[in-house]
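A.B. asks:
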Amino acid sequence: MEFFLQQLVNGLTLGGVYALIALGYSMVYGILKLLNFAHGDVYMVGAFAGYGVLVAFGGPADPRIPVVTLIVLMFLAGMLASGILGVVIERFAYRPLRNAPRIAPLISAVGVSFFLQNAALLVLGARFRSYGTARMVDPATGLQWGPLRISIIRIVVILSAVALMVVLHLLVQRTKLGKAMRATAFDREAAAMMGIDVDRVIVATFLIGSVLAGAAGVMVGLVFSRVYHFMGFVAGLKGFTAAVIGGIGSIPGAMMGGLLIGLAEAFSAGYISSTFQNLIVFGLLIVFLLARPRGLFGVPEPVKV
Amino acid sequence: MGSWVAPEWRWCETMAVLELRGLTKRFGGLLVVDGLDLSVAEGEIVSLIGPNGAGKTTVFNLISGVFTPDGGDILLDGRSIVGLPRHEIARRGVARTFQTLRVFLNMTVAENVIAAEYASGTVGAVRSFLGTPAARAEAERMRAEAERRLAFFGERLVGYRLEQPAYSLSYANRRRLEIARAMATGARLLLLDEPAAGMNPAETQEITRLIGQLRDEAGYTILVIEHDMHVVEGISDRVVALDHGVKIAEGSFDDVATDPAVVEAYLGKGGAATK
Amino acid sequence: MPEIGTDRWVAEFESRRVRREGPWGRLIEWSSRRWLWLFAGAAIVYPFVIGGDFGIRVGVNALLLAMLAIGLNVVVGYTGLLDLGYVAYYGLGAYGYAFLASDQFGIHLPTPVVVAVVALVVFGVGLVLGQPARRLVGDYLAILTLFFLQVFVELALNLDRLDLPFVDGPVSITGGPNGIAGVDPMEILGFRFGQVRDYYFLLLVLVILLIVGVTNLARSRTGVGWRAIREDTLAAEHMTIPSGRLKVLAYAFGATVAAVSGTVFAAVQLGVFPQNFTVALLIVVYAALVLGGEGSIPGALVGALIIAMVPELLRTPAGARLLFYGGLLVAGLTLVRPRRRLAVIVPGLLLFGLAVRALVAGIWPGLVAAETAGGVDRWLLRFSASADVVVSVLFVVTIAVALAAVAVRRRRVRDALLILGVYLLVLVWENRLVEEPSITRQLLFGALLVVLMVARPHGLLGRPRVEVV
Ligand SMILES: Nc1ncnc2c1ncn2[C@@H]1O[C@H](COP(=O)(O)OP(=O)(O)O)[C@@H](O)[C@H]1O
Ligand SMILES: [Mg+2]
């Protein structure tokens, strides 16, 4: 039971991170019908930006400013860097391809992904970096609940992931921008004819999605402590899978999908032999997709005649 | 209640190519086609008219297998075609055009028609890959057939146009190409969805004549949806008026056009009859 | 009123037609009709011109990639099925060859039998795994097939310690991460393939046969049906085309082509390893196809040759420099319009370089490496090893400047940014990129994909498509 609860907490933490990544995939897909394969690398850059701030202020062991301020700054830096990067990518790699054959932006996205990974490799080297969170915050502090212990940093991560998702939800449902985003996702041309500045909506979508990915990058750095140039690939794949399970294009779907993948990963790591773990996961995904190609929350497209 | 048939058309009942019996279709809570009975005889041209949203295109979609009906039956030569795959329905002799044009835009004009000759071929993929004499002969035959079909429209779609991508065609020419494509499937029953939409008066006259020729010279049976009353008047052996999925009138053009129910459907209650 | 059936456009067409004129134009017309002969001729001569084994090995890789791209073209370019599991069939073919012609199970069947069996089995597998293509469309099929590929890789990695009933001890089927080494070379009609060159010519024959076959198919009702399905599946069905069956056929056809090339790959490499068949290869195949122009067979061929051969030039600094400066020159000549702007940009660039050099050497002498040779070093800064960070920062700045140069409209600003950007590019290139060939290759590959897609979304030889979404 204790083990179970511990895995549950693990799963929730991971799930929050995956959900944040999945949101970026899903939002972009919803609006542009583009599988943005460079999204994982945007997340990687966010993680590095957080690391950069950490180093700039003296490193984890002996920071020059209070730890709380430092962590806030790291989040801000990660989100800012990823946000800018996302917007730049959209402007230069995707926007010129708006009306191109569907596969062209896909290849462009792959190109961006290659470029970012190798640029990071060139600039920062192949070394694994660690935020060294344990030296920054005493791992013993946190909630103690019978045998269950949740470190403060995990609480911070889970809470901020939830907070970001709530903000996103409010933004999409309550604001004018959110309305414009939903309209654009539904029918881009009609939205444009209704006077919505589609370009701005798309930029905003990339910005929001990338900011969330940047936050996820810093969170992973804080909790799982490994930052390197290739980290975006695996996380991207998982975030993407989460988006698909939830129903790609659907925002609540991405949140649910992320949570499911995180929980599934935590529990299968805890309970199933590792040899066939991935195989089982992919097998289940295939069965799921065959049964529900549009995911949990996706709606089938009507036949157009 | 059987369908009402004008005396001079009574002979149709025995040799109907197409027969709809109580055809019904719902979308969500909306009853779009409501117990429609209709029969089309060999060599007949029947026009389906009615205001926008009456369910005309949906009837075509049901016949050609885009949707399966919620009730009723569709008989082709007396055999039900409900539930058959679309290509099988086409293979049995029902071909259609689309109100919103759906030519294969990135294929050439000739290829558009060749594509529709698929069912007439016998050579499989292996022999095609190997380029056997039979495969070559079949490709040539299909090509010649396509040119023959396109020549039906005079010079508009032949010559250099054969090799032009279909997206370069004008609206009217795309409509013609769709008809050529439908003919190439080897069908006997053509479903034409607003063939004169978007055409200028000269072109409309031409298409009216062509539809007549399709029946007189090529022997097609034709069910046509059309809004232009001049076209309807010019080609129809019989007119069926639809409103809210229900048949409100059937008979000769003059009878239907002056039918109070039809006038009301088009002009609303209290509208003046103009014809 | 014009007479029915006549068309002024048609009548006047011949006089409006644009013809390629002059010797250059005639050459293009000729080569676009005779491209297969041109390719065959060049490919036959290639091994003798290039000499050494390495060059021929590059040729083998290029031909393998060409086969893969042409096979994929049928699936993606014709039928419009986004198959992201494609390279799994390449792997299946390779492993199939290894199972039937190595010591792994002690089976050593004759090569033609092996290839035939593998082709048939994989075709069958393709027919089964292609079934979802009947229902799933577009990206959903892409996602599903991507998972197929992941399953294949997982199986290849993990089927090495299997406990089977009636067998003692764990059984290794795929050899796990170590793969299967010691695969038999091919032997056809008593001819034993000893050298890479033998495989090169075998592949050349296969590629040409494949091109002829696919060209035949493209003209047949099957090929025309495939393309109609991609254009508009519903309309195609109304035109008697059995879309489900044809989709599955295209999928299985692609799988078979990939599998056959996989058998050759296994034999030429004398082994199979799971890391040969991952998403990385998938990207390369797609890049080749899209770069050349999906839907076009010569496009797939040209794309594969470029993707496989150009990066090899980057292996040596000399080749890399040739490519880099050649690329700069070509870019300058084609992109800068009107050309007389080059009269401002080139001298500006030279002066700028000299000025920067003098300035930096004067202010921070420590930053600059002491020894300078001739040539470009008289103009360019050469950083000392301790200034690594500076170069890294400059790299990022270079990207920013390059992007800004693309975005800015004002002519003057743009020229200034261009000078700065090119200077920085050369600086970073000489100081870092040339020394890291493997990273540079990937970096350039990524950048190339983006630039080419933006410049020519339909690929080098593809036709622009009209798509209604
Ligand atoms: N696929 C569909 N889903 C839901 N409603 C539909 C669909 N197709 C048609 N309808 C509805 O059915 C009604 C009849 O449409 P249609 O047959 O196209 O009319 P017509 O061709 O007579 O103008 C319309 O109200 C239309 O909105
Ligand atoms: Mg209609």
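Chains as they are written, first to last, in my numbering: chain A, 1 to 305; chain B, 1001 to 1275; chain C, 2001 to 2469. Built from N, CA and C at the ideal position, the CB exists for glycine as well.
Beta-carbon within less than 6 Å of A185(A)'s beta-carbon, same chain only, minus the 5 sequence neighbours each way: which residues are those?
C.D. replies: Residue mapping note: residue 185(A) aligns to position 185 of the first sequence, counting from 1. Within the same chain, A185(A) has close Cβ partners G30, I31.
A.B. asks: For L1223(B) and T1108(B), what's the separation of their Cα atoms in angstroms?
C.D. replies: Locating residue 1223(B) in the second sequence gives position 223, where the first residue counts as 1. Locating residue 1108(B) in the second sequence gives position 108, where the first residue counts as 1. Those two C-alpha atoms are separated by around 28 Å.
A.B. asks: Whose C-beta lies closer than 8 Å to the C-beta of V2147(C) among residues of the same chain, with five residues either side of it excluded?
C.D. replies: On the third sequence, position 147 is the one that residue 2147(C) refers to. Correcting the residue identity first, residue 2147(C) is Phe in this sequence and not Val. Result list for F2147(C): G2085, in chain order.
A.B. asks: Just grab the DSSP bridge partners of R1238(B) for me.
C.D. replies: What you label residue 1238(B) is simply residue 238 of the second sequence in a count that begins at 1. Partner(s): V1046(B).
A.B. asks: To which residues does DSSP link F2191(C) through a beta bridge?
C.D. replies: For the purposes of this step, residue 2191(C) is identified with residue 191 of the third sequence, where counting begins at 1. Partner(s): I2188(C).
A.B. asks: Would you say G2130(C) reaches chain B, if we count a Cβ-Cβ gap shorter than 9 Å as a contact?
C.D. replies: Here residue 2130(C) corresponds to residue number 130 of the third sequence, with the count starting at 1. No, its Cβ sits nowhere closer than 9 Å to a Cβ of chain B.
A.B. asks: Roughly how many angstroms separate the alpha carbons of R1143(B) and A1110(B), rounded to a whole number?
C.D. replies: For the purposes of this step, residue 1143(B) is taken as residue 143 along the second sequence, with counting starting at 1. For the purposes of this step, residue 1110(B) is taken as residue 110 along the second sequence, with counting starting at 1. One C-alpha to the other measures close to 7 Å.
A.B. asks: By a C-beta neighbour count over all protein chains shown, 10 Å radius and 16 as the cutoff for buried, is W2030(C) buried or exposed?
C.D. replies: As a working mapping, residue 2030(C) is identified with position 30 in the third sequence. So W2030(C) ends up on the exposed side.
A.B. asks: Taking C-beta to C-beta, are T2278(C) and V2151(C) nearer than 9 Å?
C.D. replies: One-based indexing of the third sequence puts residue 2278(C) at position 278. One-based indexing of the third sequence puts residue 2151(C) at position 151. Not a contact, by the Cβ cut-off of 9 Å.
A.B. asks: Any heavy atom of ligand 1 closer than 8 Å to the CB of G1055(B)?
C.D. replies: Against the second sequence, residue 1055(B) aligns to sequence position 55. Checking every heavy atom of ligand 1 against the Cβ of G1055(B), one is found closer than 8 Å.
A.B. asks: Is G2244(C) close to chain B? Criterion is C-beta to C-beta, closer than 9 Å.
C.D. replies: Stepping through the third sequence from its first residue, residue 2244(C) is reached at position 244. Answer yes: the Cβ-Cβ gap between G2244(C) and chain B drops below 9 Å somewhere.
A.B. asks: When the Cα atoms are used, what is the spatial distance from R1010(B) to D1259(B)?
C.D. replies: Translated into positions along the second sequence, residue 1010(B) becomes position 10. Translated into positions along the second sequence, residue 1259(B) becomes position 259. Confidence in R1010(B) is poor, its pLDDT being 47 and thus under 50, which makes the residue's placement too unreliable to answer from.
A.B. asks: What residues in the segment 2212-2225 of chain C have a beta carbon less than 8 Å from any beta carbon of chain D?
C.D. replies: Protein chains A, B and C are contained in the structure displayed, whereas chain D is not.
A.B. asks: Check distances from the C-beta atoms of the segment 18-47 of chain A to those of chain C and list, in chain order, the residues that come in under 7 Å.
C.D. replies: Listed by position, the residues of the segment 18-47 of chain A near chain C (Cβ gap below 7 Å) are L35.
A.B. asks: Figure out for me which residue from P1051(B), S1047(B), D1077(B) has the closest Cα to the Cα of H1244(B).
C.D. replies: As a position in the second sequence, residue 1244(B) is number 244, starting the count at 1. Considering only alpha carbons, the answer is P1051(B).
A.B. asks: Comparing the C-beta of R1181(B) with each C-beta of chain C, is any distance below 9 Å?
C.D. replies: As a first step, residue 1181(B) must be located in the second sequence, where it is residue number 181. At least one chain C Cβ lies under 9 Å of R1181(B).
A.B. asks: Give me the Cα-Cα distance between P2170(C) and L148(A), rounded to the nearest whole angstrom.
C.D. replies: Numbered from 1 along the third sequence, position 170 holds the residue referred to as residue 2170(C). Numbered from 1 along the first sequence, position 148 holds the residue referred to as residue 148(A). Their Cα atoms are separated by approximately 40 Å.
A.B. asks: Would you say the beta carbon of N1052(B) is closer than 8 Å to some non-hydrogen atom of ligand 2?
C.D. replies: As a working mapping, residue 1052(B) is identified with position 52 in the second sequence. Yes, since a heavy atom of ligand 2 falls inside the 8 Å radius drawn around the Cβ of N1052(B).
A.B. asks: Name the chain B residues whose beta carbon is nearer than 8 Å to that of L1981(C)?
C.D. replies: Within the shown structure, residues of chain C are numbered from 2001 to 2469, placing residue 1981(C) beyond reach of any answer.
A.B. asks: Is it the case that the segment 219-232 of chain A contacts the segment 112-129 of chain A, given that we only count it when at least three CB pairs across the two stretches are under 8 Å?
C.D. replies: Contact between the segment 112-129 of chain A and the segment 219-232 of chain A is present, because at least three Cβ pairs lie under 8 Å.
A.B. asks: Could you tell me whether the segment 2449-2462 of chain C touches the segment 89-99 of chain A, where touching means 3 or more Cβ pairs closer than 8 Å?
C.D. replies: Short answer: they touch.
A.B. asks: Establish whether the CB of L1075(B) and some CB of chain C are separated by less than 9 Å.
C.D. replies: The residue given as residue 1075(B) occupies position 75 in the second sequence. Not an interface residue.
A.B. asks: Which residues does DSSP list as the beta-bridge partners of P1165(B)?
C.D. replies: Position 165 of the second sequence, counting from 1, holds the residue named residue 1165(B). The partner list for P1165(B) (beta bridge, DSSP) reads T1108(B).
A.B. asks: Here's the rule: buried if 16 or more other CB atoms are within 10 angstroms of the residue's CB, otherwise exposed. What is I2188(C)?
C.D. replies: Residue numbering aside, residue 2188(C) sits at position 188 when the third sequence is read from its first letter. Exposed, because fewer than 16 other Cβ atoms sit within 10 Å of the Cβ of I2188(C).
A.B. asks: Measuring only the C-alpha atoms, how far is T2398(C) from V87(A)?
C.D. replies: Locating residue 2398(C) in the third sequence gives position 398, where the first residue counts as 1. Locating residue 87(A) in the first sequence gives position 87, where the first residue counts as 1. So the alpha carbons of these two residues sit roughly 18 Å apart.
A.B. asks: Specify the secondary structure class of W1011(B) as computed by DSSP and reduced to three states.
C.D. replies: Here residue 1011(B) refers to the residue found at position 11 when the second sequence is read from its first residue. Bear in mind that the predicted position of W1011(B) carries a pLDDT of just 48, short of 50, making it too unreliable to give a figure here.
A.B. asks: If you count every other CB in all the chains shown that lies within 10 Å of the CB of E2467(C), and 16 or more means buried, which is it?
C.D. replies: Numbered from its first residue, the third sequence carries residue 2467(C) at position 467. So E2467(C) counts as exposed.
A.B. asks: Give me the Cβ distance between I1089(B) and G1065(B), rounded to the nearest whole Å; I'm assuming they're in contact under 8 Å.
C.D. replies: Translated into the one-based positions of the second sequence, residue 1089(B) becomes position 89. Translated into the one-based positions of the second sequence, residue 1065(B) becomes position 65. Yes, they are in contact, since the Cβ atoms of I1089(B) and G1065(B) sit about 5 Å apart, within 8 Å.
A.B. asks: Assign K33(A) to one of three DSSP states: helix, strand, or coil.
C.D. replies: Walking along the first sequence from the start, residue 33(A) turns up at place 33. Looking at K33(A) - three-state DSSP - the assignment turns out to be coil, as it is neither helix nor strand.
A.B. asks: Pull up the CB-CB distance for R182(A) and G247(A), whole angstroms please, since I reckon it's below 8 Å.
C.D. replies: For the purposes of this step, residue 182(A) is taken as the residue at position 182 of the first sequence. For the purposes of this step, residue 247(A) is taken as the residue at position 247 of the first sequence. Contact doesn't hold; Cβ gap of about 15 Å is too wide.
A.B. asks: I'd like to confirm the pairing. Which residues does DSSP put opposite K1025(B) in its beta bridges?
C.D. replies: Counted from its first residue, the second sequence places residue 1025(B) at position 25. Per DSSP, V1033(B).
A.B. asks: State the DSSP-derived secondary structure class of R2337(C), mapped to helix, strand or coil.
C.D. replies: On the third sequence, residue 2337(C) is found 337 positions in, with the first residue counted as 1. Coil at R2337(C), not helix or strand.
A.B. asks: Quick test of the definition: if touching needs 3 or more C-beta pairs under 8 Å, does the segment 37-45 of chain A touch the segment 201-219 of chain A?
C.D. replies: They touch, by the three-pair rule.
A.B. asks: Could you check whether the segment 2214-2231 of chain C touches the segment 2055-2068 of chain C, counting it as contact only if at least three pairs of C-beta atoms, one from each stretch, sit closer than 8 Å?
C.D. replies: These segments do not touch.
A.B. asks: Under 8 Å: does the beta carbon of D197(A) sit that close to some heavy atom of ligand 2?
C.D. replies: Locating residue 197(A) in the first sequence gives position 197, where the first residue counts as 1. Checking every heavy atom of ligand 2 against the Cβ of D197(A), none is found closer than 8 Å.
A.B. asks: Residues in its own chain within less than 7 Å of E2294(C) by CB, not counting five upstream and five downstream?
C.D. replies: In the third sequence, residue 2294(C) corresponds to position 294, counting from 1. Answer for E2294(C): N2073, V2076, G2077, G2459, G2462, listed in chain order.
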